[in-house]
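Protein chains in written order, with the working numbering: chain F, 161 to 423; chain U, 80 to 316; chain L, 49 to 340; chain E, 902 to 1252.
Using N, Cα and C, we set each Cβ at its ideal position, and we do this for glycine too.
Given the structure is predicted, the values throughout are model-derived calculations rather than measurements.
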Amino acid sequence: MSGASQNGAPLLEVRDVAVRFEGIVALDGVSFTLRKGQVLGLIGPNGAGKTTMFNCLSRLYTPTSGDVLFEGKSILGRPAHEMAAIGIGRTFQNVALFSRLTVRENVLIGGHSHTSSNFVGDSLRLPGSRHTESQLESTAQELIDYLDLNDVADRPVAGLPFGTQKRVELARALSARPKLLLLDEPAGGLNHDELHELGRLVRQIRDDRDVTVLLVEHHMGLVMSISDNVVALNFGKKIAEGPPDAVRKDPELIRAYLGGDAA
Amino acid sequence: MSKLLEVKDLRASYGAVRVLHGLAFSLDEGGVTTLLGANGAGKTTALRALCGMVKCSGEILFEGKNLVGRSTEDIARLGVAHVPEGRGTFTSMTVEENLHLGAISRSDKGNIQKDIDKMYDHFPRLRQRRTQQAGTLSGGEQQMLAIARALMLRPRLMLLDEPSFGLAPLVVKEMFEILSVLNREDKASMLIVEQNAALALGIADEAYLLETGSIVMSGPAKQIGADENVRRSYLGY
Amino acid sequence: MELFTQQVLAGIATGAIYACMALAVVMIYQAINHLNFAQGEMAMFSTFIAWQFLEWGLPYWLAFILTVIVSFVAGVAIERVVFKPIENAPVLSHVVIFIALYSVINSAAGFIWDFTVKSFPSPFGSSPLFGSSLISAHQGGMVAVTLALLLLLYMFFSYTRVGLAMRAAAANPASARLVGIRVSWMTALGWGMAAALGSIAGMLIAPVVFLEPNMMISILLYGFAGAVLGGLTSPGGAVLGGFAVGVIENLAGTYIPVVGSELKLPIALVVIVVVLVFKPAGLFGRVVVSRV
Amino acid sequence: MSVQKETVAHHDIGESPEGAQRAIARPAAPGAKTSVQTRHILFVALLALALFIPAFTKNFVVFQLTQTMVYAIAIVGLNLLTGFNGQFSLGHSAFYAVGAYTAAIMMEQMGVSYVWTLPAAGILCFILGFLFGLPALRLEGVYLALATFALAAATPQILKLSPLEQWTGGVQGIVITKPDAPFGLPLNQDQWLYYFTLIVGLILYLAARNLVTSRTGRALMAIRDNPIAARSMGVNTSLYKASAFGLSALYTGVAGALGAIIVQFVAPDSFTLTLSIGFLVGLVVGGVGWLPGALFGGAFLLFVPNIAENISKGLSGAVYGLLLILLIYVMPSGVAGFLQMIVSKARGGAK
């Protein structure tokens, strides 16, 4: 949709990735490329391997074979905790917040990867640590404003409604200043109005913050309206790829995923 | 039709935060009622209050008995089966054990195996996976298992919290078809909370619209679905 | 080599004690998802009750059965009276209550029956089994009883509705309530069964180690170790783990220099920890696979 | 001691919110809602009180208060590990022992001043704690409990080993000379050690408080609440967990060194599992995840056994246990939860 997207340099290249656990083939030779500034929708039936792909990209899993390149370099040699620092941020399908901490603290932790401090400096409040802290605080406040979380900023996240928790996750992921943002079913639990708002927000984030987005989502309306490209998986294999309008009509996808009369 | 469930002035809070401000709604025997509303409106809390998972005040009359103050397990034993958000299956147990657990409070032990077979007819995919740990099922299969498990109680009333959550469109369709079959053929009464308002209104007889813990609109599902504001906010026309 | 075989056999004989206790440990773990530090003391107290019955002139098996029943009831009562009121307290508060119970029971036993060592009869006699000097008839009997209990437990958890309900209550209390399981009674039942199993363990162990208020301290530790080594979710694993701990302890005492008897326990524990580092759920523990 | 599975293959994100809420630590400190100003005033008032106490009380009471502070330092250490990082330990008696023996050996056999034994004990324990924390990374919940338990069980036996006897004094232990007040201060030895411990304790407390409200502290809590998400946020969980173990051991080691100096004696049997369990009890009594609670925990550890003994000699263990049960009934989340409740009730009443 965005004109620039087809011309951007490849940010993420997934090459022939396969994942097998104890006899189950979760991913079977999947490849796709994500260009800078694009929004890519990853769709497919439950169990198709979408979340497994996400877990490979955030290095929680290591593919059995294949390679994943980010900005031209393989990420497979790096541990999971370096992903945030090189610019890959994510949210989780069922929300994985730090439940006993407040919204603000969650967002502050999101900034962990692009700041530095250590036990000694933090214990003694050395100038470096104070600087880090004020830097983290201003980023957090900015994101709390951006995502309209001021009302709940100092409440523990545990008691918040699901949709609000999803927004906190988004704020947390953004505070790491990702180049690539992996969104795992961000629309879960939202009604139509909120979905519309989310779609607008994702595109706004892409434009304001120079973030490339990879999105797993079941809500076709959302995926089709905000994605530049769509990749469809089924049983761990790629069954369709292309712009939303083309993929929507793909007969195999309709059969496996959308059902006869789905739009 | 007689009222199976009648809720009056239902109030609940989480700590100091009041979530429900005196809800009133009802459900006919054999009917389907849906609660609609934005994220945070209190739909999930309302369901949790009905089955004693959240402290609440007011009146919840279920077949004439007040459920307020009863424990979750007693409410289940009265015939209220709740399929919670996030499904709540016993992930470390097999599919078949999950189904047995659904019937654990029933006294007619002889019919249980027959009902399990019936569930496998409704959900053939569960039959294939009967000895598999529930945690290894896909999202759609887990949701089916959760519904099947609830049905094993032979409930008088089913509470469904976001049954379409995290499911592929095709699976969602299948799920709602099954729910509508269950309602038509087995006369199962249901109270459904659902983000996908179009789906929920399609199956429901009555609908209630919640905003920040209060009901702002109610009526037959068809009428609600035709309302201009509802259409714009919840159905996207 | 002969020394090795002998030590292994002797290890299995002591291992039977640990296996018995490990079974009780797994039982309570299944019910409440914790290790109960007071469990050894509960078993010790039960054994004193049995001893008192015998002193009063009751025949052995009658005393045995009465003790099991009393222990079961006491276990249920402890859950209802002590733990029910604080069921929503943080986990560590529960751990502290275990410690408190330990202190109360140990002190009460010493007060009632004093700290002198008492002998406790064996129903199987102490003659050597099959002419071997390494395993006595009593130890053979212990192995048999342990295996029989294991079988009973397995059948209980696999094939009865109550067993299924107990597992469900422990695995996911919120969902268990939703299907109508009275979770807190399941927990109480778990306590009762663990106390009953512990009393059997105590009565079988007492003829070997003699009866006194501190008799169970190290045995409970070995029992924990066995249960953890075998995998806390698997009663069969726990029994095997108990035997393994007995063997490891004996071999460590024999073959590792400087160790001597003082360091046997730490060395055995270190071996177990090393095993756990490579098999974090224990040797036979079930790893629950779920999707992230 | 709930078993939390961290490994990705079997971690179930979002499962069992009940479990998450009942897990080790309680959510917020009771002070969280009181205003910063009130807390500062309270802090200064308490400090002033602490400064004047020795002037009015007997030496023995001063000694007991010093011992309370020493325990409190150890409990702060355990709190950093258990309350803030979610790792369980029954092995802290080992670090306390290492600290104590470091002080004893340095002072009596090397002639080093007592002041320097504290950093030495701290650094040594940090290293040992960090190294122990590495294999412990693989273990959680009851498994970690067992591993740390092994450490506690081994400590007295190792201290008794004959090859080490020339250093440790074997079963006999080591007697330590009490230091005098420096700079000609008009204080007796007990009074001086009280102030010395107060200063050390204050520094360590403030450092801990700074830490838990900083980037590093938040990373520790993130690991406690959700290790997978913490990693995805860029937290090097292995490094932080091992470091938390080291830091916790450092606090406990310094406490051990101070404890040896004030008691003037170290021997293997002072450092058994009972001591570790005592720290754990102290932690829960004070309030898991609330730093000032350590003082209440320390006081409980020192005074309650004596109280129990006074009530009934023969049944002192039972009385102690019953007092403990009673306390948990009244304050299921320790003093911290109790104060929080009072504060929120007072606020409710004020409105």
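{"Item": "Rounded separation between G1199 of chain E and Y972 of chain E - CA only", "Value": "5 Å"}
{"Item": "Contact with chain U by Y306 of chain F, beta-carbon distance below 8 Å", "Value": "no"}
{"Item": "Own chain residues within Cβ distance below 7 Å of Q55 of chain L, not counting five before or after", "Value": "N298, L299, T302"}
{"Item": "Status (buried if at least 16 other CB within 10 Å, exposed otherwise) for Y93 of chain U", "Value": "exposed"}
{"Item": "Below-8 Å beta-carbon distance, R923 of chain E vs any chain L residue", "Value": "Residue confidence is low: R923 of chain E scores 37 on pLDDT, short of 50, so the model does not pin down where it sits. Its coordinate-derived value is still stated next. So, interface residue."}
{"Item": "C-beta neighbour in chain L for C130 of chain U, strict 8 Å", "Value": "yes"}
{"Item": "is_contact[F322 of chain F, chain U] using C-beta, thresh 8 Å", "Value": "yes"}
{"Item": "Classification of R415 of chain F by the beta-carbon crowding that lies within 10 angstroms, buried from 16 upward", "Value": "exposed"}
{"Item": "Reference A318 of chain F; option with closest CA among F:S191, F:V407, F:N266, F:K210", "Value": "F:N266"}
{"Item": "Option in U:A300, U:V309, U:A125 with minimal Cα separation from E164 of chain U", "Value": "U:A125"}
{"Item": "Under 8 Å from the C-beta of R1119 of chain E: neighbouring residues of chain F", "Value": "L261, E265, L268, I269, H272"}
{"Item": "Integer Cβ distance of V963 of chain E from D1091 of chain E, believed to fall under 8 Å", "Value": "5 Å"}
{"Item": "Chain E contact for T275 of chain F (CB, 8 Å cutoff)", "Value": "yes"}
{"Item": "Three CB pairs or more closer than 8 Å across the segment 225-232 of chain U and the segment 192-202 of chain U", "Value": "yes"}
{"Item": "CB contact check: M1122 of chain E to chain F, cutoff 8 Å", "Value": "yes"}
{"Item": "Interface positions of the segment 273-299 of chain L facing chain U (Cβ-Cβ less than 7 Å), listed along the chain", "Value": "none"}
{"Item": "Backbone CA spacing between D370 of chain F and G197 of chain F [nearest angstrom]", "Value": "6 Å"}
{"Item": "Residues of its chain near S175 of chain L, where Cβ-Cβ distance is below 8 Å and the 5 sequence neighbours each way are ignored", "Value": "S184, A185"}
{"Item": "L350 of chain F versus Q274 of chain U: straight-line alpha-carbon distance, rounded", "Value": "6 Å"}
{"Item": "I183 of chain U, enclosing alpha helix (DSSP H) - first and last residue", "Value": "Per DSSP, I183 of chain U belongs to no alpha helix (DSSP H) and is neither H nor E."}
{"Item": "D188 of chain F (DSSP reduced to helix, strand or coil)", "Value": "strand"}
{"Item": "Cβ-heavy atom distance, I1226 of chain E to the ligand SAH, below 7 Å", "Value": "Of ligands this structure carries none, so the ligand SAH is not represented either."}
{"Item": "Residues that S1199 of chain E bridges to, as DSSP identifies them", "Value": "The residue asked about is misnamed: residue 1199 of chain E is Gly in this sequence, not Ser. Answer is none; G1199 of chain E lacks a bridge partner."}
{"Item": "Contact between the segment 1021-1038 of chain E and the segment 1001-1010 of chain E (3+ Cβ pairs under 8 Å)", "Value": "yes"}
{"Item": "Cβ neighbour criterion (16 or more within 10 Å) applied to D265 of chain U", "Value": "exposed"}
{"Item": "Straight-line gap, R927 of chain E to G984 of chain E (C-alpha atoms, nearest Å)", "Value": "No answer about R927 of chain E holds up, because its pLDDT of 39 lies below 50 and its placement is not dependable."}
{"Item": "Chain F contacts from the segment 105-118 of chain U (Cβ-Cβ distance under 9 Å)", "Value": "L115, G116, A117, N118"}
{"Item": "When F:P411, F:D368, F:L361 are compared against S385 of chain F, the one with the closest alpha-carbon", "Value": "F:L361"}
{"Item": "Cα-Cα separation, T1078 of chain E to T1173 of chain E", "Value": "24 Å"}
{"Item": "Inter-residue Cα distance where the pair is E285 of chain U and Q221 of chain U", "Value": "28 Å"}
{"Item": "Contact set between A1055 of chain E and chain L, taken where Cβ atoms lie within less than 9 Å", "Value": "L311, L313, P314, I315, L317, V318"}
{"Item": "Burial state of F322 of chain F (16 or more Cβ within 10 Å)", "Value": "buried"}
{"Item": "Positions along the segment 1139-1169 of chain E whose CB lies within less than 8 Å of some CB in chain L", "Value": "none"}
{"Item": "Assigned secondary structure, F141 of chain U (DSSP; H/G/I helix, E/B strand, else coil)", "Value": "strand"}
{"Item": "Selected residue, minimal CA-CA separation from G976 of chain E, among E:M1134, E:S1234, E:G1218, E:G1188", "Value": "In the sequence on display, residue 976 of chain E carries Ile and not Gly. Answer by Cα proximity: E:G1188."}
{"Item": "Closer than 8 Å to chain E by CB, N262 of chain L", "Value": "no"}
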